[in-house]
Amino acid sequence: MTLSSIFAMPEFADHLGLDAVVAFTDGEMGLTAFQRAAAHIAKCSQCAHEVDEQTMVRSQLRSAPCPAIPTGLLDSLKSIPVALPLRDPGISTGP
Ligand SMILES: [Zn+2]
Numbered sequence: 001m002t003l004s005s006i007f008a009m010p011e012f013a014d015h016l017g018l019d020a021v022v023a024f025t026d027g028e029m030g031l032t033a034f035q036r037a038a039a040h041i042a043k044c045s046q047c048a049h050e051v052d053e054q055t056m057v058r059s060q061l062r063s064a065p066c067p068a069i070p071t072g073l074l075d076s077l078k079s080i081p082v083a084l085p086l087r088d089p090g091i092s093t094g095p
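Heads up: the sequence shown at position 56 corresponds to 56 in our numbering, and the numbers run straight through without jumps.
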């Protein structure tokens, strides 16, 4: 690697991953990670755009009405037994 190629490289090699974009938007990053991400976003229009989109989606989801559960589905779920039937004592599982 030559000196001129080092200066031609961008300051960051990788963009923020989806998990980092979501964590940044949700405010769930540690301070150091948040500062690094914010510094990257300030210089990277691609990641800034992804954070903007994630912020918009987050806002739309939080303002959306709660979906209703179809009554047929709810009845089906209630009919599922919550406990397994007792074992048949006549069946041996050991040696
Ligand atoms: Zn980026």
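Glycine included, C-beta positions come from ideal geometry on N, C-alpha and C. Because the structure is a prediction, the values reported are computed rather than measured.
Under DSSP, the alpha helix (DSSP H) around residue 22 begins and ends at which residues? 18-26
My output table needs one value for residue 82: the three-state DSSP class, helix, strand or coil. coil
With 16 other CB atoms within 10 Å as the buried threshold, where does residue 51 fall? It counts as buried.
Would the stretch 59-79 count as touching the stretch 15-32 if we require 3 or more Cβ pairs under 8 Å? Verdict: no, contact absent.
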